[in-house]
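The sequence shown finishes on residue 743 if you use the working numbering, and the numbering steps up by one all the way, no holes.
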Amino acid sequence: MLNKKESYAIIDKVLSYCNYYTMATLISHEEGLTRFANSEIHQNVFKSNNTLEITIHDGKKQSKNSTNILDDESLKELVRKTEQNLKFMPEGEYEIPKVTAPAEIANEEYDAELESAFGIPGRASLIKSCIESLDDDYTASGAFSLNKMVFAMGNNSGIKRFCRLDNVSFNTVITHKNGPSGYAEYATDKSADMDVTKLFNSAYSKAKAALNPESLEPGSYTVILEPLAVGDLLSYMSYCGFSAKSVDIGISFLAGKKGQQVFGENISIYDDHTDGNTFSLPFDFEGYERRKLNIIDQGVAKELAYDVRTALKEGVDTTGHGLGEASTGGFPINLIMKNGAKSLEDIIKETDNAILVTRFHYMNVVDPKKALFTALTRDGLYMVKNGQISHAVKNMRFTESMLNAFNKVTEVSKDRTKVPGFFGVSYVPALPVDDFHFTGKTE
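Structure, rendered in structure tokens:
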């Protein structure tokens, strides 16, 4: 695993060979992964890799290349090939400005206890003890991963960027021999937050409660979306709508709606890498300082995520949310939804009739302009009657516009949890939603 000094040395060396303005990005990654299926560990792997990518600019042209061989001759060859390719590249729409400030953004902090608690012996021991708690009619599968990551950047204007991002993730599916299942998933950069036994028992309880599911006809229902389901919806809303580029090209459900009420007043969504409940990367993949975004404030559309190209087009500053690819635009990776006053337990107790949704599976975008999504429920769907779960329900397909759903949220839970998304994690509550449309059922 490369430290800051080693990372900067590699970046400085490759930049010394460059004849044009160049941005260098170094990613050092180690992953220990333990997989289990049919209630036994079947795979334990470790991988380590250091990848250096350079982007060379000449006016409106740019050329990009990468290598994971970091000796001197390989670095020289990387520069030679990238500069050689530059003359064949078409001009882009803009000349990308040099990143010049701040001179350095560095975060070397990480939780060293992650390694001692969740190395190979720790992962194996926890999985073994959890599996041993299962009745004979149930089997467990899942994955348990320890990731160590370094992101470092630099250019020949003298800026430096460094961040250490270590985290641990766990997911499991507990399945009854007749098919019903329960699920749990969590990821965190803090060792004290990861309670594998609690997660496993939650999935186990869901699997038990999922026995003897009853069929329900498609239609409009009140639902209670648990955080995994909310996090999935939020990720897809971000993908479709929270980027300034998606607004600019007219595919976002927020296009033309800045300053307008788009969701209910109880919905506030922001992006903040300094919040301790997300994975903090203080700069983006273009080298710019990441800033907080107030995306939805009490239901009103406010700010969008910008990369440098979209910012240049609109004559504004980037918000530091670039992914380093021209096609993507800005993308928020530290999404947080403001919480409410009641616990999920109390919300369920106060509900007369609703469907409790654990999570969604294989979500797709039907119409990005309407934020119209569809997906199947999975690993735990239950009918709530008179304040308690009465029985399991067979999985159903929803097709719903988030512009409708997030205007029909009746409460926002006080308790929130970290939910893995496209990049990093979101921090979200549970949401009861009226008039949620299910368009299909399973048998």
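Every residue, glycine too, gets a C-beta built ideally from N, C-alpha and C.
Beta strand (DSSP E) segments (min. 3 residues) lying fully within the segment 688-734: 688-692, 696-701, 716-720, 725-729
Cut-off 7 Å between Cβ atoms - residues of its own chain near Val725, not counting five sequence neighbours on either side: Cβ contact annotation for Val725 (same chain, cutoff 7 Å, sequence separation greater than five): Ala487, Thr578, Phe579, Lys718, Val719, in chain order.
Arg423 in three-state terms, based on DSSP: helix
Continuous alpha helix (DSSP H) stretch holding Lys460: start and end: Taken as a continuous stretch (DSSP letters only), Lys460 belongs to no alpha helix (DSSP H), being part of the beta strand (DSSP E) at 460-476.
Those residues which DSSP pairs with His737 across a bridge: Ser520
Inter-residue spacing [alpha-carbon to alpha-carbon] between Asn566 and Asn594: 14 Å
Meets three-Cβ-pair contact criterion under 8 Å: the segment 660-674 and the segment 630-638: no
Length-filtered (4 minimum) alpha helix (DSSP H) runs lying within the segment 524-568: 527-541, 544-548
Beta-carbon proximity list for Asn338, same chain, < 6 Å, skipping 5 on both sides: Thr439
From Asp372, Gly541, Lys361, residue whose alpha carbon lies closest to that of Ile311: Asp372
Under 8 Å between C-beta atoms of Thr325 and Phe673: no
Complete beta strand (DSSP E) runs within the segment 379-445 (minimum length 3 residues, chain order): 404-407
Leu656, DSSP secondary structure in three states: strand
Gly680 beta carbon less than 8 Å from that of Gly479: no
Residue of Ile405, Lys498, Asn447, Asp436 minimising C-alpha distance to Met453: Ile405
Close beta carbons around Thr677, own chain, < 7 Å, minus the five adjacent residues each side: The residues Val657, Phe660, Asn695, Met696, in chain order, have a CB closer than 7 Å to that of Thr677 in the same chain once the five nearest residues on each side in sequence are set aside.
Uninterrupted alpha helix (DSSP H) stretches inside the segment 594-623 (no shorter than 4 residues): 608-614
Whether Thr530 touches Val728 by CB criterion (8 Å): In the sequence as presented, Thr is not what sits at residue 530; that position holds Val. Closer than 8 Å, so yes.
Option nearest Asn365 by Cα separation, candidates Gly564, Phe553, Leu375: Leu375
Distance between beta carbons of Tyr588 and Gly622, contact taken as under 8 Å: 7 Å
Classification of Pro632 by the beta-carbon crowding that lies within 10 angstroms, buried from 16 upward: So Pro632 counts as buried.
The segment 600-619 contacting the segment 538-555, beta-carbon criterion three pairs below 8 Å: A contact exists between the segment 600-619 and the segment 538-555.
Cβ contact (3+ pairs, closer than 8 Å) linking the segment 526-540 and the segment 494-504: no
Cβ shell of Ala555 (< 6 Å), same chain only, five flanking positions each side left out: Answer for Ala555: Val547, listed in chain order.
Ser307 beta carbon less than 8 Å from that of Val450: yes
Pair within 8 Å by beta-carbon distance, Pro518 and Lys714: Not in contact: Pro518 and Lys714 (Cβ atoms no closer than 8 Å).
Cβ shell of Ala601 (< 7 Å), same chain only, five flanking positions each side left out: Leu554, Lys557, Lys558, Gly559, Gln560, Val562
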